[in-house]
Each structure stands twice: as C-alpha cells, then as structure tokens.
Ligand SMILES: *Cc1c(COP(=O)(O)O)cnc(C)c1O
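Residue numbers (the numbering used here): 48 to 345.
Below, the structure is given as structure tokens:
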C-alpha cells in the first residue's frame, strides 16, 4: 500500500491524517451507535418506559448496540429483524440474545413497512408500554446523542478542521455538524448508492436543531463501492492492503469505504491540509464476522 504510513497521533495517523477511534472506546457497544442511542434512552427514561423496540438486519450494528446498552442500563429490548426465523442465527443476533434481546422475525414485506406510521402504531400497541426506535437510531434524538462526538472532536482533535466520516442515514453526521462551528468542514462518505435524498435529510435534521453556527458540510457520493453492504473488488483489495500495513481493522460497510475515499483523495493529490484532517472510525467491527475473507474480528 503506497501512501499510507502509520504515525502515532491520536491512535494512528495516515499520511498526517488523524483517526478518532470510536471503535476503541472501552465499552460494550463501541462505535457511533451508542451515541445515537443515548438520545433515545433519555427519552425512555423521561417517559418511564422500560422496553425498547427497534428494527434491523441480521448483522445490524444498531441492534447489537441496543442489546448491549439496554442490558447494561436495565432496559428490556426487542429486535424486529428482517427475515424468516431460520435466518436469524448470525453471530450479531446470538450476541443480542445472550444480552437478553428478544429477537422477532419480520417477513420482508412487513419489514418494508418499518417506517410506516400505522404499522408503527400497531407495534407500539402490541409491545406497550415501549419506545419504538427507528432503524439505525435515525432521527432527531439520535442527532442529539451525536453532538457528544463533536465535543470529543474539539477536545481531542488537536486543531483538526476537516472531519471525515462514513454516512448511512446521516444522523451521526448531522449531530457532528450541529456540534461544531463554521470553522470546521465535515465530509460524509455515503455507504449507499444513489442516496440522492441524503443532503435533504441532513438539512432537515439540522433545521430541527437549535439555530446556530453549524459546520460547513458535504457528501461524497463516489465511494459506495456498489451499494449498501456491497463489496467490489477495489474495496476488497484496498481493505486487505490497508490492514496489512495499518494496525486498524475496518468494516466493509462503512469505515472501509471512508478510508478508501481518503486514500483515493491522497493519491490524486486532492486532499490538502492533511494535518488538519481528522477521520472518524465509527466502529462496526462486530459485522466483520459476516465476511470470511476478512478473517473475523482482529
Ligand atoms: C450505522 C453506522 C454508520 C452510519 O451512521 P448514520 O448515523 O446512519 O449515518 C457509520 N458507521 C458505522 C460503523 C455504523 O455502524
């Protein structure tokens, strides 16, 4: 791998780029999902609700974190998982069950209704009293929880002005943008193909926040590598080469694509001001177990 050299700054530094290792937080649920959940947990505590319900796939980082954090904080958790019962034996869901999550199979046609308000009302009635958390911890409470990541960036960021992170729903990015001022630029690398509504969604989430001075931001749509949870040959080759020289495990769904985007920009000479660039490792390493070619969790 040309152009990627370890330099011990903030954990590691890649060609002068610093990396904030949320994946290394000494926590049951490392990564960004715990931050997103915090806003929902606050809501549940305020309402005195002890049961948390949410959606996800069999490899969901979100359900994994929800099961861990819920168990730790005395909540009952229910995971509504896409697929048939016999498909729900991933290591992710085995962990979740071990932590006490009740795993319920939702057929694919039902799962498609997960953002439908009538369907949600039915679920809330069925599991009442409960709090229904949107898939991935998306939405305003998730944004509020992620402002704490911006605080960490300011505290540990050592003068970083350009923040780069992988993006799914945009919730984490919106929280970071909202928590920083306009001397910062935030770049999100989209993990989904054709996520044309992402900018609108992030702008909408920011509109709901207290008006104020936000960071400048933009989305890189060029590194989805075939689409959500897809891996093309360049991503695979890059990740294997990266891990051979860097002591930083990546996940193929999110952080691998972000790192590939940074690497490509470095190679093309497009990334100026590397010493003030901070990439955020958002975690997701539990999901590596779904990719044999990566050799599991390292
Ligand atoms: C969920 C997730 C993201 C995306 O977060 P959003 O708030 O949905 O944009 C990024 N990285 C990892 C590792 C994730 O698990």
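Backbone N, C-alpha and C fix where the C-beta goes; we use that ideal spot for every residue, glycine too.
Counterpart residues of residue i in DSSP-defined beta bridges
i           : result
residue 145 : In the DSSP output, where bridge partners are listed per residue, residue 145 has none listed.
residue 210 : 233, 325
residue 151 : 127
residue 297 : DSSP output for residue 297 lists no bridge partner at all.
residue 102 : 127
residue 283 : Residue 283 pairs with nothing; no bridge assigned.
residue 64  : 61
residue 266 : 235
Residue j beta carbon less than 8 Å from that of residue i
i           : j           : result
residue 170 : residue 179 : yes
residue 234 : residue 211 : yes
residue 270 : residue 242 : no
residue 126 : residue 101 : yes
residue 116 : residue 81  : yes
residue 329 : residue 213 : yes
residue 97  : residue 218 : no
residue 289 : residue 306 : yes
residue 196 : residue 215 : no
residue 32  : residue 299 : Since the first residue shown for the chain is 48 and the last is 345, residue 32 is missing from the structure and cannot be characterised.
residue 194 : residue 220 : no
residue 75  : residue 327 : no
residue 192 : residue 86  : yes
residue 313 : residue 62  : yes
residue 132 : residue 152 : yes
residue 137 : residue 337 : yes
residue 293 : residue 139 : no
Option nearest residue i by Cα separation, candidates the options
i           : options            : result
residue 278 : 257, 266, 263, 303 : 303
residue 176 : 292, 87, 69, 99    : 99
residue 189 : 256, 154, 137      : 256
residue 265 : 275, 276, 245, 251 : 245
residue 123 : 232, 209, 284, 150 : 150
residue 236 : 141, 274, 204      : 274
residue 230 : 254, 261, 252, 204 : 261
residue 64  : 108, 310, 167      : 310
residue 301 : 339, 167, 335      : 335
Under the three-state DSSP convention, the category residue i falls into
i           : result
residue 340 : helix
residue 289 : helix
residue 159 : coil
residue 5   : What is shown of the chain runs 48 to 345, which leaves residue 5 out entirely.
residue 94  : helix
residue 74  : coil
residue 79  : coil
residue 334 : helix
residue 317 : coil
residue 120 : coil
residue 193 : helix
residue 243 : coil
residue 136 : coil
residue 107 : coil
residue 308 : helix
residue 278 : coil
residue 115 : helix
residue 198 : helix
residue 48  : Reliability of the predicted coordinates at residue 48 is poor, the pLDDT of 23 falling under 50, and no value is obtained from them.
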